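Line by line, the protein sequences give chains A and B.
Per the working numbering, the first sequence runs over residues 10 to 469.
Per the working numbering, the second sequence runs over residues 10 to 469.
2 protein chains.
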Amino acid sequence: MERNIITVDVTIDKLLAEKKYKTLRDILSTMNAYDIAMLFEDMHDSKIPLLFRMLPKELAADVFVEMDEDTQEFLIKGFSDSELKEIVDELSADDAADIIEEMPANVVKRILRQASPEARKDINGLLKYPDSSAGSIMTTEFVYLRPSMTVEEAIKRIRRTGVDKETIYTCYVVQNNGKLIGIITIKTLLLAEEDELVENLMETNVISVGTLDDQELVAQTVSNYDFLAVPVVDTEGRLVGIVTVDDAVDVLVEETTEDIQKMAAIATTDKPYTKTGVFETWRHRIPWLLLLMISATFTGIIISSFEERLAAVIALTAFIPMLMGTGGNAGSQASVTIIRSLSLDEIEFKDIFYVIFKECRVSLICGITLAVVNFVKMLLVDYLLLGHLKPEQAVPVSLVVSLTLVVTVFVAKFIGCTLPMVAKKLHLDPAVMASPFITTIVDAVSLLVYFFIATAILHI
Amino acid sequence: MERNIITVDVTIDKLLAEKKYKTLRDILSTMNAYDIAMLFEDMHDSKIPLLFRMLPKELAADVFVEMDEDTQEFLIKGFSDSELKEIVDELSADDAADIIEEMPANVVKRILRQASPEARKDINGLLKYPDSSAGSIMTTEFVYLRPSMTVEEAIKRIRRTGVDKETIYTCYVVQNNGKLIGIITIKTLLLAEEDELVENLMETNVISVGTLDDQELVAQTVSNYDFLAVPVVDTEGRLVGIVTVDDAVDVLVEETTEDIQKMAAIATTDKPYTKTGVFETWRHRIPWLLLLMISATFTGIIISSFEERLAAVIALTAFIPMLMGTGGNAGSQASVTIIRSLSLDEIEFKDIFYVIFKECRVSLICGITLAVVNFVKMLLVDYLLLGHLKPEQAVPVSLVVSLTLVVTVFVAKFIGCTLPMVAKKLHLDPAVMASPFITTIVDAVSLLVYFFIATAILHI
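Here it is as structure tokens:
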């Protein structure tokens, strides 16, 4: 696929140079909205408006939705009012609301001025929901049916009203008061007898989400139940919109990216890498780096207070990085596993004792394995091969490091599994509790353990 | 939603105890397949077969698909041959193939024996595709139309054949030789005139995937193009199956989980946390822990060879954990960002110079910020407040640590962004190049830099 786009790219450049606009229009109208948007992103800005104006109206709106916000803003600024109106008319309300959220105020004003009064109402309705809520990602364009309709009437209604609807595959059965009482798919309607009543065919056990529910819950619901769309209801159970599977997939990808960013101690952003400037990237990364650097003062204090004893057996210093690295890795293995399981709903807070018990057992066998391998390795490599340990130190120092490993891995896994669970309980984001945060705690604890065990065994 | 399931849970337990089977059947048949499967997972094994047998045939098959493999195997072992046949008959071929892939050989034999000859052919057909290929996740149940059909004939055909098809919302237009030449949605058909020809309405620019394409590409395609399903074609362009959006979402979630596991140095598994035993978890985690522990030997060697100089200015030791921690964090920020961008197709190998140039600038301003803050902090906290630094050492040691920070962050971000890109180019998985691996390299480099700068400035 990639290759096709690149080839088209070259062709289009040539045709543009030769001003073969008719051929260009023909090529573009056979292409997919997403592919055209990708093509535009790789293109010099100056060429985009000309090509964009060649697109058929409906395709133009689809392409517009797929483009990144910089290109959208650039195009809007170049549009005449009537061109802008054409695009806005073709946009579905939720797409328009999404675009408006990202635009500067003067552009927003222009867009809303061009929208039809009805569309403006829909867009404003969607804009009032909090960011990341079901309301903010839903579309108000859906097909609803009455329970008393026959299959024939229902299909007729769909034919009549379906053109503008984002999805017509699932229809919603609502009472006169707007209450959602059932759903029915086109599949069911098409496969049923024409005079059957909708209320006899509809599924009455409707899974729905509230307008204020978090978008992550919405995406999970769509994904768990294999839905093409999930209905969104207000507090009185009235149907106000639907979230379609394509928007749910976008949310899943976006939320996962945010989780991954948090795990790597980066401030979250939904902007793609290529769209963030150098200073913006710096702003996303520096807070955690600073915080973690400052909090490493504790490990510094611990080392300083054991300075004299370290000087007595200076060989101990050589193993600090290994101990802290292993502790960090063991801890992040546990924390990342637990964070992912929490976000996939595989476990919840009530499983905390099960999780701790399991991690304790895993950490003990991990710790013992590491300790045994390390003991043998230190004697063979650090003592015999490299001669970094004095003969009288070889066994006791290896023993100190190995014992510390067992305790460090245990503590790391214990903290690594407990903190995300507790965060979840306190309604904090578990992902923030991931590796870097835990590493700092584990670093401090493992150093303390190291020096205490060293003091006890080496009598320093 | 969670709460509802728990309430039903209690109700069902009571009704079971009171043997009110009719009521139970009524309750279960109003529930969703996914919810019933979740209910069974939280239930004692002994109760499941009784409840499962109460389900209507079609629902039973749906519930079966949603259950975890242990419960599936447990149920199959308890089924009579005729019960097993009923379930297998209701399963779609791709679901059956998925289940068979997870089952032990004797269970597989029993399942295949019970399948109808036609179903067995479909299942065997699906099983021959390599794991994680488009062929392995596609379903062979789709609706195809001929280009010469009218809209009326097409809708009739859908009504006649659609019952068993996994999705009827998108229909595929194929020639007599099986070649896929277009797609058409039910939406288009329903909104068109009855005597219009399919070939005049169909979309001819069809995006499809090959049977051997990686499932991640398939999922990306469905997600990028907002498809409900993507057609799968063989090397001759003949339509052999489709992958529906719900399966694509499962792949997205699964692949992301694997990426996250790799980033946290865990061997990948698609088993949920609660289903992996202690020894299995140990097996997934210990290889990387061992490898990273052993590779930390390098940092040990570096420290040992600077042992005497360290003894001269023992205060230097106190800042080793902070330097290594900051290097590790800076590196994983870059590597995780790049890995995610690669997997979302935001960047590719040809962008490597853009990426390196950007990361170099980001790392310089990050490094300088950290260095300035650290310099002030060391003078205020470590020297004035804690007295860990001798007066004549305060400025030079702070300078050494701060300069090392700049170099470390630069190296960390450079390696962090380069390794995943190079891995991608070499067709290795970029995610494996994430934090722990990079940390080990950065640790060694930053220690070397530290000691060289210290030697130069402190004249030790």
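Glycine residues also receive a C-beta, built at the ideal position from the N, C-alpha and C atoms.
Since we're looking at a predicted model, the values are computed, not measured.
Query                                                                                                                                                                                           : Result
Since I believe V390/B is in contact with I466/B (beta carbons under 8 Å), could you give me their beta-carbon distance rounded to a whole number of angstroms?                                 : I466/B to V390/B, Cβ: 21 Å. No contact.
Taking 8 Å as the threshold, find out whether the stretch 408 to 425 of chain A comes into contact with the stretch 363 to 380 of chain A through three or more Cβ pairs.                       : yes
What does DSSP give as the partner residue(s) for K188/B in the beta ladder?                                                                                                                    : R247/B
What is the DSSP secondary structure of P126/B, reduced to helix, strand or coil?                                                                                                               : helix
Does the Cβ-Cβ distance between A163/A and L121/A come in under 7 Å?                                                                                                                            : no
Can you check whether the C-beta of D235/B is within less than 7 Å of a C-beta belonging to chain A?                                                                                            : yes
Quick check on I374/B - is its C-beta less than 7 Å from some C-beta in chain A?                                                                                                                : yes
Residues in the same chain with beta-carbon distance under 7 Å from V117/B, minus the five sequence neighbours each way, listed in chain order, please.                                         : I109
DSSP three-state call for T20/A: helix, strand or coil?                                                                                                                                         : helix
Which chain A residues sit within Cβ distance under 7 Å of D255/B?                                                                                                                              : D235
Taking 7 Å as the cut-off, decide whether the C-beta atoms of D255/B and D255/A are in contact.                                                                                                 : no
Kindly indicate which three-state DSSP category D79/A falls into: helix, strand or coil?                                                                                                        : helix
For the stretch 91 to 137 of chain B, which segments carrying the alpha helix (DSSP H) assignment without a break, of at least 4 residues, lie completely within its bounds, in sequence order? : 102 to 111, 114 to 123, 126 to 136
Between T220/B and chain A, is any beta-carbon pair separated by less than 7 Å?                                                                                                                 : no
Look at L398/B and A324/B and say whether their C-beta atoms are less than 7 Å apart.                                                                                                           : yes
What residues of chain B sit near N383/A, judged by a beta carbon separation below 8 Å?                                                                                                         : M302
Using the C-alpha atoms, what's the distance from A143/B back to I132/A?                                                                                                                        : 39 Å
Thinking V260/A and T220/A are a contact (beta carbons under 8 Å), I'd like their distance in whole angstroms, please.                                                                          : The Cβ separation is near 15 Å, so there is no contact.
For a cutoff of 7 Å on Cβ pairs, would you count K433/A as touching chain B?                                                                                                                    : no
Could you give the residue range of the alpha helix (DSSP H) that holds T290/A?                                                                                                                 : 287 to 304
Starting from the C-beta of K66/B, find all residues in its chain whose C-beta is less than 7 Å away, skip the five residues before and the five after it, and write them out in chain order.   : E95, E99
Mind checking whether the beta-carbon of E162/A lies closer than 6 Å to any heavy atom of the ligand NAD?                                                                                       : Questions concerning the ligand NAD fall outside what the structure shown contains, since it holds no ligand whatsoever.
Give me whichever residues DSSP pairs with I193/A in a beta bridge.                                                                                                                             : C180/A
Output needed in chain order: residues of the stretch 384 to 399 of chain B with a Cβ under 8 Å from some Cβ in chain A.                                                                        : K386, V390, D391, L395, H397
Determine, using beta carbons only, whether I447/A and S313/A come nearer to each other than 7 Å.                                                                                               : no
At the level of alpha carbons, what is the spacing between T39/A and D22/A?                                                                                                                     : 17 Å
Please list the partners that E203/A has in chain B, where partner means a Cβ-to-Cβ separation under 7 Å.                                                                                       : The premise fails here: E203/A is roughly 11 Å from chain B at the closest Cβ pair, so nothing lies under 7 Å.
Give, in chain order, every unbroken run of the beta strand (DSSP E) that is at least 3 residues long and sits entirely within the stretch 406 to 444 of chain A.                               : none
Which residues of chain A have a Cβ atom closer than 7 Å to the Cβ of V282/B, listed in chain order?                                                                                            : In the sequence as presented, Val is not what sits at residue 282/B; that position holds Tyr. Going along chain A in sequence order, the residues near Y282/B (Cβ under 7 Å) are T346, S350, E355, I356.
Under 7 Å between C-beta atoms, does R169/B make it to chain A?                                                                                                                                 : no
Any beta carbon of chain B sitting closer than 7 Å to that of A163/A?                                                                                                                           : no
Based on the DSSP secondary-structure assignment, which residues constitute the bridge partners of I206/B?                                                                                      : Here the sequence assigns Leu to residue 206/B, which means Ile is not the residue at that position. According to DSSP, L206/B bridges with T159/B.
Sorted by chain position, which residues of the same chain lie with C-beta nearer than 6 Å to Y153/A's C-beta, five sequence neighbours on each side aside?                                     : Y181, V183
By a C-beta neighbour count over all protein chains shown, 10 Å radius and 16 as the cutoff for buried, is G125/A buried or exposed?                                                            : Before going further, note that residue 125/A is Ser rather than Gly in the sequence given. Classification of S125/A: exposed, given that the 10 Å Cβ count is below 16.
For A238/B, name the three-state secondary structure that DSSP assigns.                                                                                                                         : strand
Would you verify that the beta carbon of E263/A is, or is not, closer than 7 Å to some beta carbon of chain B?                                                                                  : no
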